[in-house]
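Everything on this sheet refers to the single structure shown next.
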Amino acid sequence: MKKMIVLFSFLLATTAYASTYRDGIYRGYYISGQETQIEVQFTLKNDVMTEAKYRTLRYKDHDWLKEEEYVAKNKGYMGALNYMVGKKVNQAVLDKLYTPEGIETAGATVRGGKLRHAVQLALMTGPIKLTK
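Residues -18 to -1, 1 to 114 in mature numbering (1 follows the signal peptide of the UniProt record, and there is no 0) are what the sequence shown lists, from first letter to last.
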């Protein structure tokens, strides 16, 4: 009986400290009107987003990562993504994207729901590559 109690206590303790997500590289996207508008890639380590980047950032046939006029306007999107870097990915961080104007570097024009969708999709599908 003592062994069962010790085993149960050990399992409970390790579960409490376990990460929610596997360490690795994740990718997610948001598609609207048959156009991939946002594709993100990020790395998680112990549920903390250690790095993140946009692989695609498009709207109305304009590439916001390559076209000079739109690169100048994409600071809000960059701010919203960078807001998550260094933070533990949890519901509170994701919910903040519903109101990106509250993120100092994002601004009100950012469609935080699109970014939130891409990140959540990546988390649901799991890492494309595991890291140590």
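All C-beta atoms, glycine included, are put in the ideal place defined by N, C-alpha and C.
Proximity of G6 and T113 at Cβ, strictly below 7 Å: Here residue 6 refers to the residue found at position 24 of the sequence shown. Here residue 113 refers to the residue found at position 131 of the sequence shown. Cβ distance < 7 Å, so G6 and T113 count as in contact.
Buried or exposed by the 16-neighbour rule on C-beta atoms within 10 Å, applied to H99: For the purposes of this step, residue 99 is taken as residue 117 along the sequence shown, with counting starting at 1. By the neighbour-count rule (16 or more Cβ atoms within 10 Å), H99 is buried.
Segment contact, 8 Å Cβ cut-off, at least three pairs: the region 100 to 109 with the region 61 to 80: yes
Close Cβ partners of L44 (< 6 Å) along its chain, the five nearest in sequence each way excluded: Looking up residue 44 in the sequence shown gives position 62. In the sequence as displayed, the identity of residue 44 is His instead of Leu. Correct list, in chain order: Y52.
Simplified DSSP state of E49, which is helix, strand or coil: What you label residue 49 is simply residue 67 of the sequence shown in a count that begins at 1. Note: E49 maps to coil in three-state DSSP.
Separation of L26 from K111, as counted between CA atoms: By one-based count along the sequence shown, residue 111 stands at place 129. By one-based count along the sequence shown, residue 26 stands at place 44. One C-alpha to the other measures close to 11 Å.
DSSP state of Q23 mapped onto helix, strand, coil: On the sequence shown, position 41 is the one that residue 23 refers to. Q23: strand per DSSP, three-state reduction.
Y80 in three-state terms, based on DSSP: Here residue 80 refers to the residue found at position 98 of the sequence shown. It is coil, neither helix nor strand.
Proximity of R19 and Y12 at Cβ, strictly below 7 Å: Numbered from its first residue, the sequence shown carries residue 19 at position 37. Numbered from its first residue, the sequence shown carries residue 12 at position 30. Note that residue 19 corresponds to Gln in the displayed sequence, not to Arg. Contact flag set, yes.
Cα-Cα separation, W46 to N28: Position 64 of the sequence shown, counting from 1, holds the residue named residue 46. Position 46 of the sequence shown, counting from 1, holds the residue named residue 28. So the alpha carbons of these two residues sit roughly 31 Å apart.
Limits of the alpha helix (DSSP H) - the one that T113 falls within: What you label residue 113 is simply residue 131 of the sequence shown in a count that begins at 1. Counting along the chain, T113 falls outside any alpha helix (DSSP H), and DSSP gives it neither H nor E.
Top-ranked residue by Cα proximity to G94, from G108, E50, N64 and R4: Looking up residue 94 in the sequence shown gives position 112. The residue with the shortest Cα to Cα distance from G94 is N64.
6 Å Cβ shell around R37 - same chain, five flanking residues per side excluded: Residue 37 sits at position 55 when you count from the first residue of the sequence shown. Same-chain partners within the cutoff: E21 and Q23.
Sequence-distant residues of its chain with Cβ nearer than 6 Å to S1 (five each side left out): Position 19 of the sequence shown holds residue 1. Around S1: N28 and D29.
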